[in-house]
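Protein chains: 2
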Amino acid sequence: MDAAILDAIASPRRREILRLVWNEEQTAGAIHRAMPDVTFGAVSLQLRSLVQSGLLEARAEQRNRFYKARREALGPVAEMLERMWDDALWKLKLAAELEQTRRGPAPRKRRGRKRKS
Amino acid sequence: MDAAILDAIASPRRREILRLVWNEEQTAGAIHRAMPDVTFGAVSLQLRSLVQSGLLEARAEQRNRFYKARREALGPVAEMLERMWDDALWKLKLAAELEQTRRGPAPRKRRGRKRKS
DNA sequence: CCATTGATTGAGTTTAAACTAAAATATCAG
DNA sequence: CTGATATTTTAGTTTAAACTCAATCAATGG
């Protein structure tokens, strides 16, 4: 309802999530798998922030947590997003943007040992 | 054109500016006078960023610089903004938000001296 | 119970955004 | 030229966003 919405959709990452769960619910894991350039933790944090600002709803089922967009909460913004996603131009721009927008902590120091695997 | 638009409108400050110059051009000074809680410099920087992302156009006339929104550049976003501004609910939210969103450097230390060059 | 899988949480790091204050630039007036 | 007015620019500061890594929690299956 408030303008936290605009903040939410300003982030390419959150927009990507929003799109993934726009038409059908997805588990946190599935969402993470769709964006392998960040950790599961990072995704979880964004999911939390989206839920907190009312843009997603979460449903727990067994080990999984399903997330889904609350389109009603987006008001005029929902329409705008859909139009953006339908627009081929925007699509290209977005791809380029995600590539470039990676700021965060910058991959540096190696510290944690034992990544195991 | 790109999604810098979403970034631009995510900021309450930039949204405020955008609205001020939506229907008629305004000088930088007038814009600043409309938001006395920040310095002229801060306003000027935002104006610059808005021009750079193509959302405003600037015109110089004598000592003054007139700014005006480039609505065409906003695409689907323009419509959304207008609807937001027409919506009484949003109006209230925004007021509250501007009050609260003041982050920036927090007024503190005194330092800078002698710019010299 | 123990290991595994799915997800959240917490602590710490890096970076960029949004400011401020002061200096610089530009235009005009006398 | 000097000074005033309008605006931009530069440099420095604070804060929050977006991450990472590791620890933890929860449910399930042997």
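Going line by line, the protein sequences match chains A and B.
Here my numbering is used: position 50 in the first sequence is 49, and no number is missing along the way.
Here my numbering is used: position 116 in the second sequence is 115, and no number is missing along the way.
All residues carry an ideal CB built from backbone N, CA and C; glycine is no exception.
Bear in mind the structure is a predicted one, so any value in this text is a computation, not a measurement.
Item                                                                                                                                                                              : Value
Could you tell me which chain A residues have their CB closer than 8 Å to the CB of residue 8(B), listed as they occur along the chain?                                           : 5 and 9
Within the same chain, show all residues whose beta-carbon is closer than 8 Å to that of residue 50(A), passing over the 5 residues directly before and after it, in chain order. : 56, 57 and 66
Looking only at DSSP bridge pairs, what is residue 64(B) linked to?                                                                                                               : 59(B)
Less than 8 Å between the C-beta atoms of residue 46(A) and residue 73(A), yes or no?                                                                                             : no
Less than 8 Å between the CB atoms is what I'm expecting for residue 20(B) and residue 59(B), so what's the real figure, rounded?                                                 : That pair is no contact at about 15 Å.
Shortest alpha-carbon distance to residue 28(B) belongs to which of 78(B), 63(B), 83(B) and 17(B)?                                                                                : 63(B)
In the DSSP assignment, what residue or residues form a beta bridge with residue 25(A)?                                                                                           : 66(A)
Against chain B, does residue 2(A) count as a neighbour if the rule is that its beta carbon must be under 8 Å from one of theirs?                                                 : yes
Tell me which residue opens and which closes the alpha helix (DSSP H) that residue 71(B) is part of.                                                                              : Segment: none, residue 71(B) is in no alpha helix (DSSP H) and carries neither H nor E.
Kindly say whether residue 83(A), judged by its beta-carbon, lies nearer than 8 Å to any beta-carbon of chain B.                                                                  : yes
Quick one: using the 10 Å Cβ neighbour count with 16 as the cut-off for buried, is residue 44(A) buried or exposed?                                                               : exposed
Going by DSSP in three states, residue 11(A) sits in which element: helix, strand or coil?                                                                                        : helix
What residue range is occupied by the uninterrupted alpha helix (DSSP H) comprising residue 43(B)?                                                                                : 39–51
Assuming residue 117(B) contacts residue 2(A) (C-beta within less than 8 Å), just tell me the rounded distance between them.                                                      : There is no way to answer for residue 117(B), as the model of chain B reaches only from 0 to 116.
Within its chain, find whatever has a CB closer than 6 Å to the CB of residue 41(B); leave out the 5 residues flanking it on each side and keep chain order.                      : none
Can you list, in chain order, the residues of its chain with a C-beta nearer than 7 Å to that of residue 33(B)? Leave out the 5 residues immediately preceding and following it.  : 19
Taking a contact to mean a Cβ-Cβ separation below 8 Å, would you say residue 16(B) touches residue 4(B) in this structure?                                                        : no
Would DSSP call residue 3(A) helix, strand or coil?                                                                                                                               : helix
Flag this pair as yes or no: are the beta carbons of residue 77(B) and residue 9(A) separated by less than 8 Å?                                                                   : no
Can you tell me whether residue 17(B) is helix, strand or coil according to DSSP?                                                                                                 : helix
Can you confirm whether residue 76(B), when its beta carbon is compared against all beta carbons of chain A, has any partner nearer than 8 Å?                                     : yes
Here's the rule: buried if 16 or more other CB atoms are within 10 angstroms of the residue's CB, otherwise exposed. What is residue 25(B)?                                       : buried
Count the other CB atoms, across all protein chains shown, that sit within 10 Å of the CB of residue 86(A); report buried if there are 16 or more and exposed otherwise.          : exposed
Relative to the alpha-carbon of residue 71(A), which residue among 13(A), 52(A) and 84(A) has its alpha-carbon at the smallest distance?                                          : 52(A)
Please list the partners that residue 79(B) has in chain A, where partner means a Cβ-to-Cβ separation under 8 Å.                                                                  : 75, 76, 78 and 79
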